[in-house]
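What follows is a single structure, written as structure tokens, with notes after it.
2 protein chains.
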Amino acid sequence: MEKAADTTGASPADTAESRQYLGLRDGIAARIAAGDLKPGDKLPSERQLQGEFALARGTIREALFLLEAEGAIFRRDRSGWYVSPPPVVYDPTRWEGFMSYVEAQGRVPSTHTISTATIPADPLLSDIFARPLGAPLHHIRRLRSVDGRAVLVEKLVVDAAITPGLIEFDLNTSLTAILKRNFGITVARNQISMQPCALTGDEAVDLRQKSGLPGLALQRVSYDGHGRVVEYDHEYWRHDAVQINVDLRVR
Amino acid sequence: MEKAADTTGASPADTAESRQYLGLRDGIAARIAAGDLKPGDKLPSERQLQGEFALARGTIREALFLLEAEGAIFRRDRSGWYVSPPPVVYDPTRWEGFMSYVEAQGRVPSTHTISTATIPADPLLSDIFARPLGAPLHHIRRLRSVDGRAVLVEKLVVDAAITPGLIEFDLNTSLTAILKRNFGITVARNQISMQPCALTGDEAVDLRQKSGLPGLALQRVSYDGHGRVVEYDHEYWRHDAVQINVDLRVR
DNA sequence: TTGGCAAACTGGTCTGAACCAGATGCTCGA
DNA sequence: TCGAGCATCTGGTTCAGACCAGTTTGCCAA
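In the order they appear, the protein sequences are chains A and B. Numbering of the first sequence is given in our numbering, commencing with residue 13 and proceeding in unit increments. Numbering of the second sequence is given in our numbering, commencing with residue 13 and proceeding in unit increments.
Shown next as structure tokens:
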């Protein structure tokens with residue numbers, strides 16, 4: 013019940029942690045660093061850790077949440093906690109799709125199309141695409157995975173006028189490739205906005221995350237060589253699954 | 013003790029939340045959206061909310077954490093919870109310093125220099141700056157605020173050979189301006205890497221955050237027109253304080 | 001061998017209680 | 001008037017126990 017004043021070491025502020033969950037976090041982090049726990053490995057269950065460290069389950073979970081926030085571990089709902097694989101490096105300046113750059117990093121990408129539809133442009137999209145209100149736009153919602161783990165959901169919108177029949181294609185492959193091969197479309201410019209966010213609602217469900225876990229929201233507007241808007245994309249990434257790399261000239 | 017099945021509305025799955033903390037989150041979010049609570053306003057204390065909603069304090073905190081992860085509120089340690097101001101928009105392609113782009117958004121920026129030093133290059137920095145091991149480099153650590161709230165800490169390194177006496181200047185102003193005015197240095201290219209992270213250790217302390225809260229880590233290498241490395245920068249942002257915007261040509 | 005079901009397991013949610021330590025505000029004495 | 005100091009308030013940490021709802025597993029029947 014009491015705090016069991018931590019008198020472990022000579023330097024109370026250095027190694028001996030004032031807060032128990034920090035100590036536990038360091039312990040688990042050390043196991044991962046030492047290679048006792050490798051990416052994909054399952055951690056002992058919360059109740060097992062409870063017995064092992066003689067801490068309340070809440071305290072155990074506090075440490076796990078911290079490791080999760082640091083990207084060191086992730087959870088699969090009601091299954092357990094697992095050691096995170098390294099993140100994918102993402103360079104938004106490169107116009108290669110997800111499939112190719114994930115593969116280039118020696119990982120196995122996969123895509124699952126959640127839904128497709130052709131919908132009339134609402135005011136916002138009409139504005140973005142510079143097309144009249146009600147102009148047909150393809151809406152595609154996809155879930156993308158790396159090594160079998162869902163890492164991002166995307167909602168993308170494409171101008172139906174320049175990509176007739178797009179949603180009849182197999183969208184579980186590279187959209188980049190489809191646009192280029194079948195419609196002769198390539199992207200010359202991207203406008204990107206991103207912000208750290210909490211994954212909630214649909215996104216959390218699709219990523220099999222508990223609602224409220226941190227993520228990265230990324231919006232992209234892609235233009236072709238004529239300055240025409242080709243694609244409008246909303247991506248929601250697991251925060252621990254991605255690292256952004258950009259190389260750019262300054263204006 | 014029981015879950016007190018929320019019978020507030022007509023549609024149990026729509027508005028009425030299955031989890032109490034989600035309901036409370038929505039309630040507070042609604043107050044903010046409605047303008048009852050404005051940016052900077054203090055929320056009722058956890059114990060007050062406890063009385064008001066008849067929930068355990070842990071449940072109250074669960075809802076607050078969620079709002080915090082969403083960037084809607086933030087905490088000041090042992091002072092209270094406050095409504096977040098809107099984020100600053102940050103465009104890494106633009107070579108104007110923090111001071112100018114924050115001001116351009118109608119906010120009040122400020123900078124506090126935590127420490128400065130001139131230190132011989134270690135292997136990593138020697139490599140980055142393409143300078144011999146041990147070459148003198150200026151290390152600067154600064155805390156930057158918007159409207160009085162600390163939003164980022166940065167650790168930056170500048171080649172001392174091309175900026176002699178840099179750390180004698182008043183570094184609480186724009187470094188961009190100092191480099192340009194006093195050393196004739198401008199940046200032509202940036203290489204940026206960023207990833208969502210947890211703020212821990214020094215960063216958390218400086219930002220007066222609890223260790224483990226989500227943030228955004230950003231590293232930047234800046235080059236001048238001759239391809240010479242001018243500056244190496246590590247920034248740690250509060251996750252709710254920044255939105256990244258980039259406009260770029262595709263390779 | 002295989003399919004389905006049930007028990008066991010795991011994380012998710014919630015309660016309620018206690019004590020700690022920094023922030024804040026108020027009071028009282030100099 | 002003003003500063004020191006204390007009381008109070010606030011979030012931070014930890015404990016212990018309970019029940020819920022998906023996941024997993026292993027057994028048994030077809």
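Glycine included, C-beta positions come from ideal geometry on N, C-alpha and C.
Look at the segment 183-204 of chain A: the residues with a C-beta under 9 angstroms from a C-beta of chain B are Thr-198, Val-199, Ala-200, Arg-201, Asn-202, Gln-203 and Ile-204. For Trp-93/B, the closest Cβ of chain A is not nearer than 8 angstroms.
For the set Glu-29/A, Glu-80/A, Ser-223/A and Ser-96/A, the Cα lying nearest the Cα of Leu-49/A is the one of Ser-96/A.
With three or more CB-CB distances shorter than 8 angstroms, the segment 149-169 of chain B counts as touching the segment 212-232 of chain B. The three-state reading of DSSP puts Asp-38/A in helix, counting H, G and I together. With the rule of 3 Cβ pairs closer than 8 angstroms, the segment 32-52 of chain B does not count as touching the segment 228-244 of chain B. Taking a C-beta distance under 8 angstroms as the contact criterion, Ile-179/A and Thr-123/A do not qualify as a contact pair. Distance between Asp-134/B and Ile-126/B, taken at the CA atoms: about 21 angstroms.
Under the Cβ criterion (8 angstroms, minimum of three pairs), the segment 226-235 of chain A counts as touching the segment 203-210 of chain A. Judged by DSSP in its simplified three-state form, Gly-70/A adopts helix.
The Cβ atoms of Pro-226/A and His-246/A do not sit closer than 8 angstroms to each other.
Using a Cβ-Cβ cut-off of 7 angstroms, Ala-81/A is close to Ala-210, Gly-224 and Pro-226 of chain B, given in chain order. Counting along the chain, Asp-139/B sits inside the alpha helix (DSSP H) bounded by residues 135-141. Residue nearest to Asp-53/B within the set Ala-66/B, Gly-70/B, Ile-72/B and Ala-84/B is Ala-84/B (criterion: CA-CA distance). At a beta-carbon threshold of 8 angstroms, the residues of chain B lying near Thr-105/A are Leu-260, Arg-261, Val-262 and Arg-263, ordered along the chain. Around Gln-62/B, the same chain offers Ala-68, Arg-69 and Ile-72 as residues with beta carbons nearer than 8 angstroms, after the five sequence neighbours per side are excluded. For Leu-55/B, the nearest beta carbon of chain A is not closer than 8 angstroms to its own beta carbon. In this structure, the alpha-carbon of Thr-188/A lies about 25 angstroms from that of Pro-98/A. Think of a sphere of 8 angstroms around the beta carbon of Gln-255/B: the chain A residues whose beta carbon falls inside it are Ser-205, Met-206 and Gln-207, in chain order. Residues of chain A whose Cβ lies closer than 9 angstroms to the Cβ of Leu-78/B are, in chain order, Ala-210, Thr-212, Ser-223 and Gly-224. Ala-172/B and Val-262/A have their alpha carbons spaced roughly 23 angstroms apart. Measuring C-alpha to C-alpha distances from Thr-198/B to each of Gly-146/B, Ala-116/B, Arg-119/B and Ile-174/B identifies Ile-174/B as the nearest. Boundaries of the beta strand (DSSP E) harbouring Asp-245/B: 241-250, taken from the DSSP string. For His-150/B, no CB of chain A lies under 8 angstroms from its own CB, so it is not counted at the interface with that chain.
The continuous stretches of beta strand (DSSP E) do not include Leu-191/B, which lies in the alpha helix (DSSP H) extending over residues 187-195.
Membership of Glu-215/B in the alpha helix (DSSP H) is indicated by the continuous run 213-218. Bounds of the beta strand (DSSP E) holding Gln-231/B are 225-235. Gln-60/B sits exposed, since fewer than 16 C-beta atoms from the chains shown fall within 10 Å of its C-beta. By the 16-neighbour rule on beta-carbons within 10 angstroms, Thr-185/A is exposed. The beta carbon of Ile-140/B sits closer than 7 angstroms to the beta carbons of Val-233, Val-241 and Tyr-244 from its chain, once the five residues preceding and following it are set aside; these are given in chain order.
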